[in-house]
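Worksheet for the structure shown next.
Number of protein chains: 2
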Amino acid sequence: MDSVSGAAVSGQDHDREAVTGNIRQVNRERILQAATTVFADAGFGGATMLGIANAAGLPKANLHYYFGTKQALYAAVLDNILTVWLDAADAIVPERDPAVALADYIRAKIEHSRRFPQASKVFASEMMRGAPLLKDFLAHRLRDRVDAKVAVIEGWARQGRIVVPNPRHLLFQIWAMTQTYADFAVQIAAVLGVETLGPAEFAAAGDTAVTLILRGCGLTPPGVPVPAPGSRQRVETATQN
Amino acid sequence: MDSVSGAAVSGQDHDREAVTGNIRQVNRERILQAATTVFADAGFGGATMLGIANAAGLPKANLHYYFGTKQALYAAVLDNILTVWLDAADAIVPERDPAVALADYIRAKIEHSRRFPQASKVFASEMMRGAPLLKDFLAHRLRDRVDAKVAVIEGWARQGRIVVPNPRHLLFQIWAMTQTYADFAVQIAAVLGVETLGPAEFAAAGDTAVTLILRGCGLTPPGVPVPAPGSRQRVETATQN
DNA sequence: GTCTATAACAAGATAGAC
DNA sequence: GTCTATCTTGTTATAGAC
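Protein sequences appear in the order of chains A and B. Just so you know, we're using my numbering here: the first sequence kicks off at 3 and counts up by one. Just so you know, we're using my numbering here: the second sequence kicks off at 3 and counts up by one.
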């Protein structure tokens, strides 16, 4: 059982009863989608089944028919999210060039924040609650994965290909730098004076994060040589945002 | 009127009626303290007046007597938090050395996450809701302050004392890197395999953030020279966390 | 499988005794 | 100023007609 708190998430056995199974899956998907948005904006406690039902365009009772309880629905939403959460780190493997690997990882995480901001918010919200439903995921599945990636980074360091004060905190801080563009989008948009964050803002965010982290690890960002401090130098990018 | 959504926050007129005024202030403070914790853990929607009352050790009706509505209490909590939020950036002034200024700023933000994690969580929670009560603060007070600090950083850049891709995003990412140790403390503790984040973890966090950002801005962290990539080099710090 | 109607309970808010 | 008792509303969850 790989799912959060034992909630059934399957979607496996839909061969016989194709029509019914399809309706099931379509409705489940609609509900999960709506629930993700509502939980993202209101948190677990602030979300209501009625609100989710309205967002999904279905009567409230259907949610209970498909998911039983509010908590089970929430667990299903979390489960949906976790898979994606881990996958971006695939970029970090020993045989790749550290600069390329880290840049790819950061850009993938930023892209994830751009495409699925709700997922990021639900995850963040669960962390701030104390992660009652994810304690296990964090302490085992995520922890093991981090250990593996830390081993890769330490390997690079031993070979003198990277210099990093603390690989684990490097990862924590990359997560933070990238997820902030989903979780704190309102704040960033307001400070930048734009209505919502668009491609330009995400590009600037990615460039900045990649540059900071690569230089921070003693690597040279592609096309951005590090000048000796003291040499005359303007702010680098053309965009104001 | 500088407060959020017009909620009275004062605490000014407590000279006559010293005793009564003192009780008022003490009780208000107890309630605000308890409310901060509960809002931090449950968000606005998930928090209940009864929960806050229990945490404060007072009957529920007293909260309404002092603050009127749940929203007004929430607004008062936010107001409390904002002042502190802005102050750390005092470190960033033109006449200081960029490396020292940024290092101080980062360490102050990390220290804030360590000492007031609840405040950080309430703020984060409000951002994820879409910041209905802080839209104005973000678009004006915070934005102006960011513009001022960006001007300082651009000044440094013009003098060739720092090299930064995008000063605004630099600030966003410093916020993220530092606040993550409050908002995502559960996650980080779980991955590190510790019960809660202690002084050792916060020290490692600060060292990593300062090193990454200073190097990222073409500056040399104190006592941590940047070796040429390619030279043999081990992971720098002694601690595993 | 779907959805209306309703039961059971928790929440915000207040009246009024102390 | 304080707090018990209560009003009212909104919420989760389910029973039972379709």
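Glycine residues also receive a C-beta, built at the ideal position from the N, C-alpha and C atoms. Note that the structure is predicted; figures quoted are calculated from it, not measured.
Burial state of residue i (16 or more Cβ within 10 Å)
| i | result |
| --- | --- |
| R160(B) | exposed |
| D17(A) | Residue placement at D17(A) is flagged as unreliable, the pLDDT there being 42, under the threshold of 50; a coordinate-derived value is accordingly withheld. |
| T85(A) | exposed |
| R217(B) | buried |
| P201(A) | exposed |
| G59(A) | exposed |
| E31(B) | exposed |
| G45(A) | buried |
| D4(B) | Caution applies to D4(B), whose pLDDT of 45 falls short of 50 and renders its modelled position unreliable; the model cannot decide the point. |
| R170(B) | buried |
| I25(B) | exposed |
| G220(A) | buried |
| P100(B) | buried |
| E97(B) | exposed |
| G208(A) | buried |
| R116(A) | buried |
| L88(B) | exposed |
| L52(B) | exposed |
| H142(A) | exposed |
| P223(B) | buried |
| Q242(A) | Bear in mind that a pLDDT of 42 at Q242(A), under 50, signals an unreliable position, so the number given afterwards is only what the model happens to contain. So Q242(A) ends up on the exposed side. |
| P167(A) | buried |
| V196(A) | exposed |
| L199(A) | buried |
| V124(B) | buried |
| P119(A) | buried |
| Y67(B) | exposed |
| G13(A) | With a pLDDT of only 39 at G13(A), under 50, the local geometry of the prediction cannot be trusted, and the value read off the model is given with reservation. Exposed: under 16 other Cβ atoms inside 10 Å. |
| V102(A) | exposed |
| D185(A) | buried |
| D43(B) | buried |
Contacts of residue i in chain B (Cβ-Cβ under 9 Å)
| i | result |
| --- | --- |
| L172(A) | T210 and L214 |
| N56(A) | The contacting residues do not exist; N56(A) stays about 16 Å from chain B at best. |
| Q27(A) | The premise fails here: Q27(A) is roughly 29 Å from chain B at the closest Cβ pair, so nothing lies under 9 Å. |
For residue j and residue i, believed in contact at Cβ under 8 Å, the rounded distance
| i | j | result |
| --- | --- | --- |
| I54(B) | A74(B) | In fact, because the Cβ distance is near 13 Å, the residues do not count as touching under 8 Å. |
| G48(A) | G48(B) | 6 Å |
| K111(A) | I176(A) | 7 Å |
| L154(B) | I94(B) | Strictly speaking, residue 154(B) in this sequence is Val, with Leu absent from that position. The Cβ separation is near 5 Å, so the contact holds. |
| L214(A) | L136(A) | Not really, about 29 Å apart at Cβ, beyond 8 Å. |
| T210(B) | L172(A) | 6 Å |
| Q181(A) | S122(A) | 5 Å |
| A63(A) | F69(A) | With a Cβ gap of about 11 Å, A63(A) and F69(A) do not count as contacting. |
| I190(B) | F174(A) | 6 Å |
| A91(B) | R147(B) | 6 Å |
| A178(A) | A178(B) | 4 Å |
| V193(B) | R145(A) | 5 Å |
| N82(A) | L140(A) | So it is not a contact: roughly 17 Å between Cβ atoms. |
Cross-chain neighbours of residue i in chain A, by beta carbon under 9 Å
| i | result |
| --- | --- |
| I112(B) | Residues of chain A passing the Cβ test: none, with the nearest at roughly 11 Å. |
| P96(B) | Neighbours of P96(B) on chain A: none; closest Cβ ~15 Å, over 9 Å. |
| R217(B) | V165, L214, R217, G218, C219, G220 and V228 |
Partner residues on chain B for residue i, Cβ-Cβ distance less than 8 Å
| i | result |
| --- | --- |
| Q73(A) | Per Cβ cutoff of 8 Å: no residues; Q73(A) is ~13 Å from chain B at best. |
| L144(A) | Q189, A192 and V193 |
Chain A residues whose Cβ lies nearer than 7 Å to that of residue i
| i | result |
| --- | --- |
| F186(B) | M129 |
| A141(B) | A192 |
| N82(B) | Those within 7 Å of N82(B) in chain A number zero; the least Cβ separation is about 18 Å. |
7 Å Cβ cut-off: residues of chain B touching residue i
| i | result |
| --- | --- |
| A178(A) | A178, M179 and T182 |
| V148(A) | V193 |
| N24(A) | Here the premise fails: no neighbours, minimum Cβ distance about 34 Å. |
Cross-chain neighbours of residue i in chain A, by beta carbon under 8 Å
| i | result |
| --- | --- |
| V79(B) | Under the 8 Å cutoff, chain A gives no residues; its nearest Cβ is about 15 Å from V79(B). |
| N64(B) | Chain A residues near N64(B): none, gap ~22 Å exceeds 8 Å. |
Inside the stretch 99-128 of chain A only - alpha helix (DSSP H) runs reaching at least 4 residues: 100-117
Enumerated in chain order, which unbroken segments of the alpha helix (DSSP H) with a length of 4 residues or greater are wholly contained in the stretch 190-220 of chain B? 201-218
Taking only beta carbons into account, state which residues of the stretch 35-54 of chain A come closer than 8 Å to chain B, listed in chain order. A42, D43, A44, G45, F46, G47, G48 and A49
Check each residue of the stretch 121-136 of chain A: if its Cβ is closer than 7 Å to any Cβ of chain B, include it; give the result in chain order. K123, A126, S127, M129, M130, R131, G132 and A133
Taking any Cβ of chain A, which residues in the stretch 194-208 of chain B have a Cβ under 8 Å from it, in chain order? L194, G195, A206 and A207
4 or more residues per run - each alpha helix (DSSP H) lying fully within the stretch 65-98 of chain B: 72-89
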